[in-house]
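In our numbering, the protein residues as written are 26 to 432. Built from N, CA and C at the ideal position, the CB exists for glycine as well. Notes follow once the structure below has been shown.
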């Protein structure tokens with residue numbers, strides 16, 4: 026059969042293998058199965074594309090976007106809190122990094138003297154893009170937003186620590202009207218930074234999040250005498266553990282600062298198994314609900330980057346435009362195989378099919394342009410844009426804005 030993905034081929038083989046036994050005779054599953062494989066090859070392939078549950082593979086892609094957002098928002102801003110130097114009095118000139126947030130200490134850009142050791146920040150991020158159809162996953166568009174806020178405290182002249190809470194929402198629309206998925210995620214992150222003098226710094230973070238995935242697969246096809254219009258609904262829970270450690274070195278040249286950076290990021294995403302329910306189980310196609318097993322995905326990436334920023338002073342404070350380019354390398358996130366079965370199949374324990382994730386893109390670039398401003402009374406803000414370049418089959422854009430206050 027000329028199906029779209031490897032998951033479709035696996036699902037088609039599982040259906041055909043159980044269909045030919047006739048062991049499901051007398052129930053809706055056998056009727057639906059016979060209608061598919063009693064049709065011409067092209068019609069059968071289209072039907073199998075519809076009933077294959079390859080949409081579920083996008084769950085890990087949604088978690089990856091959450092991973093990128095949280096690490097960018099917390100780890101990124103930590104890496105840049107000393108962008109223009111670290112005077113001993115605590116004044117700091119810094120900008121957003123990876124498009125997500127501002128420095129968590131200082132605010133001395135206004136030249137009004139030192140600010141309080143306690144600070145608070147809030148940042149909002151909108152992201153959008155698309156994923157092309159591949160041999161393993163369906164095509165889809167996505168968009169979503171994230172709100173991250175937290176507090177931090179200057180423990181000493183060379184150490185800052187904080188905690189942040191996040192809420193992220195993501196929507197996926199599958200190509201060809203094959204359904205949609207939404208996810209809602211809550212997370213907490215603890216983070217810290219240590220620096221030596223005005224140049225060298227080391228940052229770290231540890232985060233945990235919980236995600237709810239609401240998937241609706243739309244089945245719409247004609248096979249034999251059947252016209253199928255069904256929605257298969259499921260609700261799955263996931264948990265995301267993230268860790269990051271990195272460092273850099275600020276090299277000042279007048280009002281311009283060059284910052285080479287290195288970072289390691291780790292994520293483990295666990296998605297619980299789920300069972301679908303059909304919108305009309307007694308109608309044509311009503312037996313095509315699936316059960317998908319638990320899945321665990323792991324990612325370990327390195328980042329080597331360079332940020333260049335220039336500070337412009339004015340009567341109200343300091344404005345800093347910047348550009349940053351990171352080379353990202355993926356060490357893990359290998360292609361995963363997750364088993365599933367059609368729950369109406371009497372032989373469901375003996376005829377599994379398999380979901381496949383894409384092979385990872387091992388190397389790509391994360392590019393960001395940003396502008397930040399730091400003003401009187403410890404107030405600062407930023408606006409930024411970032412995108413991914415050289416990432417196969419993926420288009421990604423993000424716009425970020427944030428504000429920070431010192432107390």
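Taking buried to mean at least 16 other C-beta atoms within 10 Å of its own C-beta, is residue i buried or exposed?
i: residue 284; result: buried
i: residue 131; result: Summary for residue 131: the model assigns pLDDT 34, below 50, so the residue's position carries little reliability; its value from the coordinates is reported in the next sentence. Buried is the call here.
i: residue 314; result: buried
i: residue 275; result: buried
i: residue 61; result: buried
i: residue 64; result: buried
i: residue 152; result: buried
i: residue 432; result: exposed
i: residue 55; result: buried
i: residue 67; result: exposed
i: residue 125; result: Confidence is the limiting factor: at residue 125 the pLDDT is only 41, short of 50, which leaves the residue's position unreliable, though a coordinate-based value still follows. When all chains shown are included, residue 125 counts as buried.
i: residue 85; result: buried
i: residue 250; result: exposed
i: residue 235; result: exposed
i: residue 260; result: exposed
i: residue 307; result: exposed
i: residue 387; result: exposed
i: residue 114; result: Unreliable positioning characterises residue 114 in this predicted model, as indicated by a pLDDT of 32, which lies under 50. A coordinate reading is not provided.
i: residue 156; result: buried
i: residue 401; result: exposed
i: residue 290; result: buried
i: residue 405; result: buried
i: residue 425; result: buried
Leaving out five residues before and five after residue i in sequence, what residues of the same chain have Cβ atoms less than 6 Å from its Cβ?
i: residue 199; result: 80, 163 and 165
i: residue 288; result: 271 and 328
i: residue 385; result: 355 and 358
i: residue 209; result: 194 and 237
i: residue 159; result: 383 and 418
i: residue 257; result: 242, 301, 303 and 314
i: residue 145; result: 176 and 430
i: residue 42; result: 376
i: residue 369; result: 54 and 312
i: residue 58; result: 40 and 44
i: residue 348; result: 333 and 394
i: residue 321; result: 295
i: residue 298; result: 317, 318 and 319
i: residue 341; result: 400
i: residue 231; result: 215 and 268
i: residue 240; result: 206 and 259
Could you have a look at residue i and say whether DSSP puts it in helix, strand or coil?
i: residue 403; result: helix
i: residue 382; result: coil
i: residue 430; result: strand
i: residue 95; result: helix
i: residue 451; result: Outside the modelled stretch of the chain, which goes from 26 to 432, sits residue 451, for which no answer is possible.
i: residue 305; result: coil
i: residue 42; result: helix
i: residue 293; result: strand
i: residue 387; result: coil
i: residue 288; result: strand
i: residue 321; result: strand
i: residue 85; result: helix
i: residue 133; result: For residue 133, the predicted structure reports a pLDDT of 36, less than 50, and the residue's modelled location is therefore unreliable. The matter cannot be settled from this model.
i: residue 409; result: strand
i: residue 208; result: strand
i: residue 312; result: coil
i: residue 201; result: helix
i: residue 217; result: strand
i: residue 420; result: strand
i: residue 298; result: coil
Going along the chain, which residues of its own chain have a beta-carbon closer than 7 Å to the beta-carbon of residue i, five neighbours each way excluded?
i: residue 76; result: 36, 244 and 313
i: residue 183; result: 219, 220 and 221
i: residue 33; result: 73, 74, 77 and 79
i: residue 142; result: 178 and 179
i: residue 364; result: 318, 377 and 379
i: residue 350; result: 330, 331, 390 and 392
i: residue 361; result: 320, 322 and 382
So, for residue i: in the same chain, excluding its five sequence neighbours on each side, which residues have a beta-carbon less than 8 Å away from its beta-carbon?
i: residue 366; result: 39, 315, 316, 373, 374, 376, 377 and 378
i: residue 46; result: 372
Examine the ligand MN and report whether any of its heavy atoms sits within less than 7 Å of the Cβ of residue i.
i: residue 306; result: This structure lacks the ligand MN, and indeed carries no ligand of any kind.
When the cut-off is 8 Å and only beta carbons count, does residue i lie next to chain D?
i: residue 317; result: Protein chains in the displayed structure number just one, and chain D is not present.
For this session: Please go through the region 327 to 374 and give each complete beta strand (DSSP E) segment of 3 or more residues, from N-terminal end onward.
Result: 337 to 339, 342 to 355 and 362 to 367
Exercise. If you pair each beta-carbon of the region 217 to 228 with each one of the region 192 to 209, do three or more pairs fall below 8 Å?
Worked result: no
Problem set entry | 3-residue-minimum beta strand (DSSP E) runs that sit fully inside the region 219 to 286, ordered along the chain | 225 to 248, 251 to 274 and 276 to 278
Exercise. Could you give the uninterrupted runs of the alpha helix (DSSP H) lying entirely in the region 46 to 81, keeping only those of 4 residues or more?
Worked result: 53 to 62 and 66 to 76
For this session: Pair every Cβ in the region 322 to 336 with every Cβ in the region 51 to 59, then say whether three or more of these pairs are closer than 8 Å.
Result: no
For this session: Taking 8 Å as the threshold, find out whether the region 411 to 431 comes into contact with the region 385 to 398 through three or more Cβ pairs.
Result: yes
For this session: Identify every run of the beta strand (DSSP E) within the region 135 to 196, keeping only runs that are complete inside it and at least 3 residues long; order them along the chain.
Result: 143 to 156 and 165 to 181
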